[in-house]
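Below is one structure; the comments refer to it alone.
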Amino acid sequence: MDDKTLLDALIGESLISEELAQQIRQDAVQSGKSAEDVMYERNFLDEVTVAETKSKILGIPYKKVDVGKISDETLKLIPEETASTYNIVPLSLEGKTLVAGMVKPWDNRAQEALRFIAKQSQLNLGVYIITPTDAELVMRRYSPYETEVEKAVRGINIKSGTEFSEMLRPVSIDEEHETVTEEAPIIKIVSSTLKAAVERGASDIHIEPQRNRVRIRFRVDGVLSESTSLPIELHHAIVSRVKILSSLKIDETRIPQDGRFRTVIFNRDIDFRVSTFPTPVGEKVVIRVLDPTIGLKSIDALGLSGKTAELTKAAIGEPFGMVLITGPTGSGKTTTLYALLQMLNKEETNVVSLEDPVEYFIEGVSQSQVRPEIGYTFASGLRQILRQDPDTIMVGEIRDNETAELAVHAALTGHVVLATLHTNDAVGVIPRLIDMEVKPFLIPAALNLMISQRLIRKLCDKCKEAVTAVDEVQDIIKKELDALSDSEKVKLKYKAPYKVYRSKGCKECNNKGTSGRIAIFEGFEMTRELEQIVNAAPTEGKIYDEARRQGMVTLRQDGILKALDGKVLIEEVLRETSSS
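Residues in the sequence shown are numbered from 42 upward in steps of one, following my numbering.
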């Protein structure tokens with residue numbers, strides 16, 4: 042199938058315009074790439090849409106690949122070299138029929154290779170169209186991350202004193218296509234590590250020098266675990282490769298450095314935020330993985346539901362006022378801010394943000410990163426933002442008195458202000474603002490909503506099963522449900538003895554029992570009763586009593602409701618929250 046046939050089909054399906062098709066053709070000619078590759082790189086269309094269009098043209102069904110269901114025996118039916126060369130992968134063996142996935146089923150050479158394999162194995166053939174990303178994910182089953190790293194390490198003759206520059210230099214180039222076909226071992230190690238982190242859904246990569254080795258750990262679902270270990274001799278070269286990617290100073294090892302870079306992995310634009318930190322045995326590197334398919338979520342996907350969700354939607358619908366989100370480091374506050382930003386990001390509004398750093402780029406939002414080292418702080422940036430005719434302002438974090446005062450005044454002068462603040466719970470927001478020297482009489486007029494949150498690992502839907510909670514947990518659940526407001530009790534569908542959920546682990550969750558994380562929330566709004574408390578003698582006790590009068594669902598109660606729904610483990614909820 043040539044570019045013209047595919048683009049004409051996409052035009053016919055009203056998926057792209059003729060003008061866009063012309064632009065894609067021009068970009069393809071200039072770059073020497075196919076029209077399909079250009080569409081993916083420029084995010085004009087997603088892979089599934091293109092694959093479904095190919096399916097209609099060719100009459101070959103499209104299939105979404107479940108990599109975890111491909112057995113090792115099935116994988117052996119198509120050799121790795123053949124799969125890589127022709128973009129064909131085995132999907133299943135159904136009786137005497139080999140079911141294969143093809144990215145380009147019209148490729149005659151790929152067809153011949155597949156027919157030859159089927160004939161040799163005395164099997165019939167079934168073919169599906171699959172996406173390039175699914176094909177690459179299957180290919181990684183042939184050479185898992187640990188195996189790839191081992192091969193790369195074997196390619197370095199450490200004992201012979203391989204030159205540092207040789208570790209970083211590509212060793213051969215395909216002259217016809219002018220692209221690197223075989224990477225230097227260090228480049229391969231770093232590249233494989235980044236791919237493995239994205240594939241496993243890791244939020245962070247830790248590259249840590251020890252006395253006799255380099256330890257690489259991934260943080261998945263909030264938990265750090267070791268992925269591989271490398272010879273200590275490779276440490277300097279690996280760190281230098283990461284610094285090159287991040288445009289950091291290679292020869293500066295005495296002080297911490299921060300940087301970032303972006304690359305395409307599995308046809309997705311992934312941002313990596315890099316931080317180096319000097320230690321006695323060498324520099325430690327932590328790489329934050331910013332995958333927009335994971336990090337940019339709706340409030341429903343975050344776990345914001347019930348009364349707190351209703352309050353949040355009402356608060357951001359107001360013409361002005363502050364919404365403050367609080368919680369410890371790593372509790373997902375920024376992710377929640379991004380979810381709210383996406384709800385407010387409309388053509389008729391001007392949305393501006395101040396962040397440190399900018400974690401995810403949102404189309405249509407003017408995002409700016411503060412740089413304290415040159416005097417561009419949250420406070421100075423906020424002054425400038427107010428001259429940019431904003432409707433909605435996001436302040437990544439209110440850290441000091443000046444920023445707090447400016448944010449309050451922005452909320453009082455007709456702007457919606459979203460920001461984070463460090464307190465233990467939602468009740469602590471007002472005392473914290475007062476501690477930051479915000480005048481108490483300004484707070485009621487400026488503040489719309491206070492939210493606190495924590496992140497809890499989410500149970501795997503495939504292997505979770507209900508069990509009866511032990512007596513001690515039964516008592517805790519009953520106490521917290523009884524403390525809910527009457528309006529919330531009406532919604533309850535649980536009866537004693539209460540059932541909670543366990544998961545034993547399966548292929549879907551890599552035997553962890555969990556898959557991703559979800560947040561638990563508590564929140565309450567500014568009311569006339571709360572205004573009177575703030576203007577008199579505000580204490581956390583009085584504010585808490587008002588929040589409960591409003592019917593606030595606490596962090597612990599929200600977590601228990603999610604545990605009863607089978608979303609999280611009850612023990613994690615009780616560990617992460619305190620009883621009131």
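No residue lacks a Cβ here, since even glycine has one placed at the ideal position from N, Cα and C.
What distance in whole Å lies between the Cβ atoms of residue j and residue i, which are believed to be in contact at a cut-off of 8 Å?
i, j, result
"residue 174", "residue 307", "5 Å"
"residue 15", "residue 132", "Here the chain comprises residues numbered 42 to 621, so residue 15 is not present and cannot be evaluated."
"residue 48", "residue 66", "7 Å"
"residue 381", "residue 392", "Actually they are not in contact, since the Cβ atoms of residue 381 and residue 392 sit about 10 Å apart, beyond 8 Å."
"residue 554", "residue 545", "6 Å"
"residue 314", "residue 301", "5 Å"
"residue 192", "residue 248", "That belief does not hold up - the Cβ atoms of residue 192 and residue 248 are roughly 19 Å apart, past 8 Å."
"residue 330", "residue 190", "No, residue 330 and residue 190 are not in contact; Cβ-Cβ is about 18 Å, not under 8 Å."
"residue 495", "residue 588", "With a Cβ gap of about 17 Å, residue 495 and residue 588 do not count as contacting."
"residue 406", "residue 419", "The pair is not a contact, with the Cβ atoms about 17 Å apart (cut-off 8 Å)."
"residue 159", "residue 139", "6 Å"
"residue 422", "residue 462", "The pair is not a contact, with the Cβ atoms about 17 Å apart (cut-off 8 Å)."
"residue 56", "residue 86", "6 Å"
"residue 121", "residue 183", "4 Å"
"residue 408", "residue 397", "About 11 Å separates the two Cβ atoms, so there is no contact after all."
What did DSSP end up calling residue i once you bin it into helix, strand or coil?
i, result
"residue 386", "coil"
"residue 203", "Bear in mind that the predicted position of residue 203 carries a pLDDT of just 45, short of 50, making it unreliable; the figure below should be weighed with that in mind. Note: residue 203 maps to coil in three-state DSSP."
"residue 401", "coil"
"residue 213", "Low per-residue confidence applies at residue 213: pLDDT is 36, beneath 50, and the placement is therefore not dependable, though the value from the model is reported in the following sentence. It is a strand residue."
"residue 395", "strand"
"residue 502", "coil"
"residue 48", "helix"
"residue 454", "coil"
"residue 118", "coil"
"residue 220", "Only weak support exists for where residue 220 lies, its pLDDT of 35 falling under 50; the value from the coordinates is given anyway. DSSP places residue 220 in strand when its eight states are reduced to three."
"residue 42", "coil"
"residue 461", "strand"
"residue 138", "strand"
"residue 300", "strand"
"residue 197", "coil"
"residue 329", "strand"
"residue 106", "coil"
"residue 133", "strand"
"residue 265", "strand"
"residue 172", "coil"
"residue 497", "strand"
"residue 144", "coil"
"residue 225", "coil"
"residue 524", "coil"
"residue 509", "strand"
"residue 208", "The predicted model places residue 208 with a pLDDT of 48, which falls under 50 and marks its position as unreliable; any figure quoted below should be read in that light. In this structure, residue 208 counts as helix in the three-state DSSP scheme."
"residue 315", "strand"
"residue 285", "helix"
"residue 480", "coil"
"residue 628", "It is not possible to answer for residue 628, since the shown part of the chain is limited to 42 through 621."
"residue 519", "helix"
"residue 111", "coil"
"residue 128", "coil"
"residue 58", "coil"
"residue 233", "helix"
"residue 64", "helix"
"residue 591", "coil"
Let's see if you can read the secondary structure: which residues bound the beta strand (DSSP E) around residue i?
i, result
"residue 163", "Residue 163 -> no beta strand (DSSP E), and no H or E assigned at all."
"residue 250", "245-250"
"residue 541", "540-544"
"residue 409", "407-410"
Run through the DSSP bridge pairs and tell me what residue i is partnered with.
i, result
"residue 320", "323"
"residue 491", "365, 565"
"residue 270", "256"
"residue 310", "305"
"residue 280", "The partner list for residue 280 (beta bridge, DSSP) is empty, contrary to what the question assumes."
Going by DSSP, what residue range makes up the alpha helix (DSSP H) through residue i?
i, result
"residue 293", "Run containing residue 293: none; DSSP gives neither H nor E here."
"residue 616", "611-617"
"residue 604", "596-605"
"residue 535", "First-last for residue 535: undefined, no H or E at that position."
"residue 553", "Premise fails: residue 553 is in no alpha helix (DSSP H) and is neither H nor E."
"residue 355", "347-357"
"residue 94", "88-99"
"residue 343", "340-343"
Report whether the distance from the Cβ of residue i to the nearest heavy atom of the ligand ZN is below 6 Å.
i, result
"residue 467", "Here there are no bound small molecules, and the ligand ZN is not part of this structure."
Report the start-end ranges of each alpha helix (DSSP H) in the stretch 556-585 that is 4 residues or longer and not cut off at the edges. 569-576
Please give me, in chain order, every unbroken run of the beta strand (DSSP E) with length at least 3 that falls completely inside the stretch 417-450. 433-436
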